[in-house]
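Using the working numbering, the first residue of the sequence shown is number 2, and each one after it goes up by one.
Even glycine gets a Cβ: it sits at the ideal position worked out from N, Cα and C.
No experiment lies behind these values; they were computed from the predicted model shown.
Below is one structure, written out as structure tokens; the observations come after it.
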Amino acid sequence: MPETENSQFGRYMPQYVLEQGRDIRVFMPRFSCINERRNALHEVIRLSGMNLIVNNCDHQLIIKVGSISAARMQVYFIDNEEYFTRSGYIYNEDGSLIDNTDERILFYGHSALEAVRKLAWQPHLIHFTGWFSSMIPFYLKRVNKENAFFSGTRTVFTLTDDAFQGHLGEDMERKMKNDGATAKDLRLFTDLNYMNLMKAVITYAHAVVIGSPNANPELVAFAKENKRTVIDYNPDRTEFFQQINKMYDQVIGSNINN
């Protein structure tokens, strides 16, 4: 993956909390730039044959797993031929968003939660990073409505300097309605440029980590004004990770240790 604030955080923060004795699972999209053979990815057979509906169409969900041996950490990849294998990374060569980005983030958010549920990994907390994971809190609320598996699960969002230009698909409202979006959801997820999308995500999250010194100051202020637990950016990685790890216990509740 390109070396960005998101990829750095996604690589080293999970390793840190794993070393503190927490039980973790790491999920990310299997973008086409991730070489399956070189990274020795293999399919999670227990999840073979799953399909998810996005935009009224069935889409096959494939979960692959690889290991970061230096960290003794496994990474689970959400894969689908249409959305990831053939669709490139996130942007076209001219810097614009890939056409089906709205469906890709819907599929990714739904798939990550569905995989966790099918594998019976009931999480105390989900920490998600960057705008590509922005549909996770939406699906978490909709899944909670129908299934108690995620009851009590808390969410933490990492805000970084990853703004995109333009808007997500104009038909996003209809696609979210198909997935059970309520009028309240749609009031938040409207006119989805970067700023509006991030404000919706911050509104849903229980806590926000400022993962970049260049994070949008309006969004940082929005998180604090909405009385979210906020961890400010700290250039000292060890101190920063310690602060985040301590915050996990505050968000989850002091009666739970892992």
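{"query": "Proximity below 8 Å, CB of residue 55 to CB of residue 139", "result": "no"}
{"query": "Three-state secondary structure assigned by DSSP to residue 42", "result": "coil"}
{"query": "Under 8 Å between C-beta atoms of residue 245 and residue 232", "result": "yes"}
{"query": "Any beta strand (DSSP E) of 3 or more consecutive residues that is wholly inside the segment 155-184", "result": "155-160"}
{"query": "For residue 83, the nearest candidate out of 73, 188, 94, 99 (CA to CA)", "result": "99"}
{"query": "Three-state class that DSSP yields for residue 257 in the structure shown", "result": "Confidence at residue 257 is low in this model, with a pLDDT of 49, below 50, so its placement is unreliable and no value can be given for it."}
{"query": "Exposure of residue 132, with buried meaning 16 or more beta-carbon neighbours within 10 Å", "result": "buried"}
{"query": "The alpha helix (DSSP H) enclosing residue 8, as first and last residue numbers", "result": "6-20"}
{"query": "Distance between residue 103 and residue 4 (C-alpha atoms, nearest Å)", "result": "24 Å"}
{"query": "Three-state secondary structure assigned by DSSP to residue 134", "result": "helix"}
{"query": "Close Cβ partners of residue 259 (< 8 Å) along its chain, the five nearest in sequence each way excluded", "result": "With a pLDDT of 42 at residue 259, under the threshold of 50, the modelled position of this residue cannot be trusted; read the value that follows with caution. Hits under 8 Å: 22, 23, 24, 125."}
{"query": "Closest residue to residue 19 among 6, 45, 29, 75 (Cα-Cα distance)", "result": "75"}
{"query": "Three-state secondary structure assigned by DSSP to residue 32", "result": "coil"}
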